[in-house]
Amino acid sequence: MSNPRYFFAGLFHETHSFISEKTGLEDFAQAGFGSNEPISLPGSPMAAATEVIRRSGAEIFEGPYFAAMPSGVVCHSVFDTWKSRFEAAWKSMNGDCEGIFLVFHGAMVTDKEVDLECAAAKWIRQLPGAEEIPISCVLDLHGNISKSFCQQVNALVAYQKNPHTDATEAACSAANLLLSSSQSGRNLRCIWRGTDVVWPPSGTGTADQPMLTLESCARALEEQDGVATASVFAGYSYSDTPDTGVSLVLTVDGDMIEARAEAALDELQSLAHRYRDAGIPEADSTQDLLSALRSGQSSPIIVAEASDNIGAGAPGDCTGLLRTFIDLNLNNAGVIMNDPLSVAQLEKHSYGQTVVLSIGGRGWEGDPGPIEHEVEYVSRFDGKFTLDDPRSHLASMAGVVIDMGQCALVRIKGITILLTSKKTPPFDLGQWRVAGIDPKTFAVIGVKAAVGHRQAYDPIASVQFTFDTLGPCRLDLRSLPFKHIRRPIFPLDG
Ligand SMILES: [Zn+2]
C-alpha cells in the first residue's frame with residue numbers, strides 16, 4: 002500500500018482597501034507547483050506544517066503558494082492564475098488524496114471578490130475528489146472571517162499571538178487536525194460567530210486588553226470535550242468587507258452538541274463586546290516624547306508610527322514622524338524609510354558627500370509629500386539579512402531570509418535614516434545589524450508599525466509611544482470611507 006498523500010497550497014495577502022495602488026502577480030512571491038521554489042520556505046508556517054505531515058510517514062503533494070506583503074487591493078487575475086496552477090497540480094494527483102492543507106491570511110480582497118478565502122474554498126470543494134475530504138487551514142489572527150468560509154472547511158486554526166510569534170505552532174496544530182480527521186476518522190467542523198466590533202491593529206496586541214482576555218477565554222474553552230480549537234480573529238480594520246472586524250470560530254468534533262458550542266461562542270462574543278473600548282487605543286503626542294527625553298532614559302525610546310504601519314499595508318514612506326524628528330532637532334535618533342528613488346539617486350555620489358534628497362512622501366496621497374533636505378551620505382549596502390529572531394512576526398509572512406533590496410544610510414544632523422528599496426515591516430533588529438548599527442545605542446527609534454515590532458523592540462525599549470500621523474492606517478477608523486462593512490458596528494456607529 003502506498004503512503005497517504007496530502008495536498009498543500011496557500012494564498013496569503015492582507016489587503017488594505019483604501020490604498021489606491023493595486024497589488025499584481027509581480028508583487029507575490031510564488032512557490033510550489035508551477036514555480037521554481039519549494040513550497041516550504043524555511044522558517045515559515047507552511048514549512049512547519051509539511052514537516053508534521055512528513056513525520057507521520059505521509060507524502061506532501063505541492064500545489065501553488067502565493068504570498069505578498071500587505072498592500073492595496075489584489076488584481077483578480079492573481080486568483081485566476083493561482084486556480085489554474087492549483088487545478089493542474091490537483092489533476093496530476095489523480096484523485097489519490099487524503100486531505101488538503103491551506104495557508105491563508107483571511108483578509109484578502111480582489112477587485113472582484115471581497116471574501117477571497119471563501120471563494121477559494123468553495124472553488125476547491127467543486128474539484129473532482131475534493132468534495133468530501135478534510136480541509137484544514139491555518140490563518141493569521143487578523144483574518145476577517147465569514148460564516149460561509151467556515152462552512153467550507155473542517156478545521157481552522159488562527160495564530161494566538163500578536164506579534165505573531167506562534168505562527169509555526171498554529172500551522173502544526175492545523176496539520177495535526179488534518180491528520181487526525183483523515184487517519185483516525187475524527188469528523189471535524191467549524192462553527193462561526195460574528196460580533197459588532199472592529200478594532201484598529203494597534204488595539205489587537207495579545208499582551209494587552211481586549212485580546213489578552215479573549216485569548217485566555219479561548220484557551221479555557223479548548224479544555225472542553227469536543228472543542229479542538231477556539232480561534233479569536235481580531236480582524237483587519239483596513240479591509241472593507243461585510244465581515245471586517247472581530248470573529249470567533251470553534252473547530253469541534255462533529256458530534257458535539259450544538260447548544261454547548263453556541264454557549265461557548267456566546268461567552269467569547271460577550272467578552273468582545275464588553276471590552277470593546279479597550280481595543281481603541283489613544284495616540285500619544287510630541288509633548289509625551291519630549292517629557293520622556295527630558296526625564297533621561299538609558300535605553301531607546303520607541304515611537305511607533307502606527308498610521309504608516311508597513312505590516313498593515315502602508316507604504317513605509319510617510320513623512321509625518323521624520324518631520325517631527327527634524328522639527329525637534331533630535332539627537333541620536335534612527336528611523337527606517339522605504340525610498341527606492343533616493344537609494345538609486347545616491348548611487349552616483351560618494352560616502353561623506355552632502356546631497357539634497359526628496360525623502361519619502363510618495364506612497365500615500367494623504368501625505369504632505371517628500372521632505373526636501375540636505376543629507377550626509379553615510380553608506381550603501383545589500384539589504385538581504387537573516388532574521389535575528391526566527392520567531393519574529395516577519396517569519397510568519399516571509400520566512401527567515403528577508404530582502405530589503407539595495408539600501409543606503411544617510412544622516413540629517415543627529416537623525417540616522419536607513420533607506421530601503423523594498424518596504425519591509427520593522428519587526429526584527431537584523432534590519433539595523435545589516436546596516437552595521439546597534440539599535441540599542443539610539444536615544445529614539447521611529448518604527449512604522451503598530452504591534453508587530455514589539456517582539457523585537459520591547460527588550461531594548463525604555464518607553465514606547467504611538468503616533469497617529471497622516472498615513473493610511475489611522476487609529477480613528479471613523480475617518481475611513483467604508484462601503485461594505487456591516488452596520489451598525491462599534492466604533493463607527495458609537
Ligand atoms: Zn496579522
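So for the sequence shown, the working numbering puts the first residue at 2; every next one is plus one.
Ideal Cβ positions, reconstructed from N, Cα and C, are used throughout, including at glycine.
Worksheet item: Do S1 and G73 have their C-beta atoms within less than 9 Å of each other?
Response: Residue numbering for the chain in the displayed model covers 2 to 495; residue 1 lies beyond these limits and cannot be assessed.
Worksheet item: DSSP three-state call for S21: helix, strand or coil?
Response: coil
Item to complete: With DSSP as the reference, please indicate the residues paired to L395 in a beta bridge.
Response: According to DSSP, which records beta bridges pairwise, L395 is partnered with nothing at all.
Item to complete: Measure from the alpha carbon of Y237 to the alpha carbon of each residue in S85, S3, P202, then state which is nearest.
Response: P202
Worksheet item: According to DSSP, which residues form a beta bridge with S137?
Response: F102, A156
Worksheet entry | CA nearest to the CA of Q225, picked from W200, L213, E263 | E263
Discussion item. Helix, strand or coil for F87? Go by DSSP, reduced to three states.
Written reply: Of the three classes helix, strand and coil, the one that applies to F87 here is helix, per DSSP.
Worksheet item: Which of helix, strand or coil does DSSP assign to T16?
Response: strand
Worksheet item: Taking Cβ positions, are G204 and A279 nearer each other than 9 Å?
Response: yes
Worksheet entry | Cross-strand partners of D383 (DSSP beta bridge) | Q407
Worksheet entry | N-terminal and C-terminal residue of the alpha helix (DSSP H) that N177 is part of | Per DSSP, the continuous alpha helix (DSSP H) segment holding N177 begins and ends at 168–184.
Discussion item. Could you compute how far the alpha carbon of L215 sits from the alpha carbon of S149?
Written reply: 23 Å
Worksheet item: Shortest alpha-carbon distance to M212 belongs to which of T242, V247, S182, D241?
Response: Per the Cα distances, V247.
Practice prompt. Whole angstroms is fine: what's the gap from H14's alpha carbon to A284's?
Written response: 27 Å
Worksheet item: So what does S248 bridge to, in DSSP terms?
Response: G195, F234
Worksheet item: With 16 as the cutoff for other CB atoms within 10 Å, does P164 come out buried or exposed?
Response: buried
Discussion item. Ligand 1 and D141: does the residue's C-beta get closer than 8 Å to at least one heavy atom of that ligand?
Written reply: yes
Worksheet item: Any chance the region 267–276 sits against the region 451–462, with 3 or more Cβ pairs inside 8 Å?
Response: no
Fill in: Limits of the unbroken beta strand (DSSP E) element including F62
Residues 60–68.
Discussion item. By alpha-carbon positions, which one of G107, D439, V154 ends up nearest to V336?
Written reply: D439
Worksheet entry | First and last residue of the uninterrupted beta strand (DSSP E) at I54 | The continuous stretches of beta strand (DSSP E) do not include I54, which lies in the alpha helix (DSSP H) extending over residues 46–56.
Practice prompt. Thinking F62 and R126 are a contact (beta carbons under 8 Å), I'd like their distance in whole angstroms, please.
Written response: 18 Å between Cβ atoms; not a contact.
Worksheet entry | Opposing strand residues paired with M338 [DSSP bridges] | L420
Worksheet entry | Distance between beta carbons of P243 and L476, contact taken as under 8 Å | Actually they are not in contact, since the Cβ atoms of L476 and P243 sit about 23 Å apart, beyond 8 Å.
Worksheet entry | Beta carbon of C173 nearer than 9 Å to that of E52 | yes
Worksheet item: Where do the N-terminal and C-terminal ends of the beta strand (DSSP E) with S271 fall, by residue?
Response: Per DSSP, S271 belongs to no beta strand (DSSP E); it is in the alpha helix (DSSP H), 259–275.
Item to complete: Taking V233 and I192 to be in contact with their CB atoms under 8 Å, please state how far apart those CB atoms are, rounded to whole angstroms.
Response: Not really, about 14 Å apart at Cβ, beyond 8 Å.
Discussion item. According to DSSP, is H77 part of a helix, a strand, or is it coil?
Written reply: It is helical.
Fill in: Boundaries (first-last residue) of the alpha helix (DSSP H) holding E118
For E118, the enclosing alpha helix (DSSP H) stretches over residues 117–126.
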